[in-house]
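Report on one structure; see the data block that follows.
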């Protein structure tokens, strides 16, 4: 202290610097903070709506929708595993801990940044329809219905997730698969405490599935996911020894144990018993695909998605249209900004309904759909004073049906991975003794002959799940995802606009109030073949009521919908200046980001 006082110039400089820093911090906080919300405290750093601080770490990061799964991923990273090893370990754990959205019976998509090659890899791990069932045979089984139901054996397709694990691991894994799957196996045998949001969805799914007339048998589902007919509650310890056995079989026997061995044979026997169409031969013939990611530039950032049969192109199309507007000048969540974003969504989803399908069966005009010239043409259809009402095609119900996770390791590898059973837990069908439910992704086929997404034997259905990735100047910048059916492209765009246009940090970008538009045409068949009323626009409560009134004046059927699922978000941002990762998760649900 005496030495400090003996240097008056230095002391004065430090005092002034400290005072200036505090003043700047206070000014920034005051500028960021909105009017206080009833019932909540005030944040000292960042905007007041931000639910938690972004997580910052140097050596590795994981962000998942369940805290224990995040810790599983971190443990694998600390044991010397790659980001891919960590992602597989977390995904396997989530199949146990969050069966409301994913599991070994579902599909998987992934984007992986390889720091050695400086390249982004894409993997499409979606399964196909039964090869022995024609469109005519399917229609006969439907008995006159004009769409495929969401439950029972009719919408079941081959699960592609396990194939995805082994494909990713074969190229980017470091640890043996037995070590990668060991945490999920241990939790499945010994049990884990259920988290709150998942518990809520678990009870809702069990009740819905038990009442579905299309589900051929429910005894296995009730035995696997309830105790004496009662689903678990938050905090209750839960285990799944059947799933532990299946995971152990796959860990020891590899991919073929699932697709050509005991798992496939068990599912074959089960399907024959209940009258389903899926067969052992469908599993034996399954193969996922490495694909070239497709991208567009948005204000100097390159945004990457998996090409169809997924819906990732809609993100790129929306961003291309929005690039022609000064969203920052319009203001965050202003009437103008929300209006043009919703109208861009309608235009992109009209193309989504018409063109997105399995590229093995349909010609998809990728270059045109993501071109800037095409975006300019589509942008010309937007009126600032009026919401569009008519977009031809069908309507598909929404649900929270997916998990997303992202991991990053000390070498710079980053993984963006999404996995799903489709509608909630899936079809309602749990094959004998396997501990997981089969997906119902085939609901998303069209029955209309000539439609790009029409059902055919051995075909991949239209897919909603999309992992996202962003690069800047050829370097990784963001691995991110937003779960939730058709909300996913809308959520992707809102998060990116929040970060790129409005300068929000990676956590605030996900915590900011969201909107969701429902009612655009879908690439399926059903009673609502076209939208003629403009659909419904839902807002979270944090959006100014004056904005709602102005949107209503422009013709939007808009309402505040608290409790509606506006998607679930996870992200890891690479900060090349500081040399660290910045992680974020959804504050609305059970998500957790952590690093070391």
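Residue numbers (mature numbering (1 follows the signal peptide of the UniProt record, and there is no 0)): -30 to -1, 1 to 566. Even for Gly, the Cβ is constructed at its ideal location relative to N, Cα and C. Bear in mind that the values here come from a model prediction, so they are computed numbers and not experimental data.
Taking C-beta atoms as the reference points, residue 75 and residue 279 fail to come closer than 9 angstroms. In the DSSP assignment, residue 94 forms a beta bridge with 79 and 259.
Look at the beta carbons and you see the segment 265 to 276 not touching the segment 243 to 256: under three pairs across the two are nearer than 8 angstroms. 66 is the residue among 466, 101, 189 and 66 whose C-alpha sits nearest the C-alpha of residue 151. In the DSSP assignment, residue 541 is bridged to 450 and 554.
For residue 442, the uninterrupted beta strand (DSSP E) segment begins and ends at 438 to 442.
Rounded to the nearest angstrom, the gap between the Cα atoms of residue 488 and residue 521 is 15 angstroms. 9 angstroms or more divides the Cβ of residue 48 from the Cβ of residue 148. In the three-state scheme derived from DSSP, where H, G and I count as helix and E and B as strand, residue 242 is classed as helix. Taking the Cβ atoms as the reference, residue 561 lies roughly 5 angstroms from residue 35, within the contact range of under 8 angstroms.
Under the criterion of beta carbons closer than 8 angstroms, residue 230 and residue 490 do not qualify as touching, at roughly 40 angstroms. In this structure, residue 512 places its C-beta atom within 9 angstroms of the C-beta atom of residue 19. One Cα belongs to residue 341, the other to residue 444, and the distance between them is close to 20 angstroms. Boundaries of the alpha helix (DSSP H) around residue 168: 166 to 180. Taking all protein chains in view, the Cβ of residue 566 is surrounded by fewer than 16 other Cβ atoms within 10 Å, so the residue is classified as exposed. By the criterion of a C-beta distance shorter than 8 angstroms, residue 329 is surrounded in its chain by 277, 278 and 279, once the five residues flanking it on both sides are discounted. Judged by their CB atoms, residue 307 and residue 297 are nearer to each other than the 9 angstroms cut-off. For residue 67, the uninterrupted alpha helix (DSSP H) run begins and ends at 53 to 67, by DSSP. Just so you know, the alpha carbons of residue 50 and residue 377 end up roughly 14 angstroms apart.
For residue 530, the enclosing beta strand (DSSP E) has its first and last residue at 528 to 530.
Secondary structure remark: continuous alpha helix (DSSP H) runs of at least 4 residues inside the segment 251 to 332, in chain order: 283 to 292, 297 to 300 and 305 to 325. Between residue 55 and residue 143 the beta-carbon gap is near 5 angstroms, inside 8 angstroms, which marks them as a contact. CA-CA distance, residue 140 to residue 259, rounds to 13 angstroms.
The beta carbon of residue 166 sits closer than 7 angstroms to the beta carbons of 204 and 560 from its chain, once the five residues preceding and following it are set aside; these are given in chain order. Non-local C-beta neighbours of residue 401 in its own chain, meaning closer than 6 angstroms and more than five positions away in sequence, comprise 236, 237 and 240, ordered along the chain. A contact is defined here as three or more CB-CB pairs under 8 angstroms, and the segment 403 to 412 meets this definition with respect to the segment 123 to 140. Out of 555, 212, 556 and 448, the CA that lies nearest to the CA of residue 546 is found in 448. Non-local beta-carbon contacts of residue 441 in its own chain, meaning distances under 6 angstroms to residues more than five positions away in sequence, involve 272 and 447 in chain order. In this chain, the alpha helix (DSSP H) harbouring residue 481 covers 478 to 481. Scanning 427, 60 and 338 for the CA closest to the CA of residue 109 turns up 427. The alpha-carbon separation between residue 289 and residue 403 amounts to approximately 46 angstroms.
Counting C-beta pairs with one atom in each stretch, the segment 380 to 397 and the segment 466 to 476 have fewer than three that are closer than 8 angstroms, which means they do not touch. Residue 510 carries a coil assignment under DSSP once its states are collapsed to helix, strand and coil. A straight-line Cα-Cα distance of about 15 angstroms links residue 44 and residue 555. Looking only at 460, 88, 42 and 61, the smallest Cα-Cα distance to residue 310 is reached by 460. Per DSSP, residue 469 is one residue of the alpha helix (DSSP H) stretching across 457 to 470.
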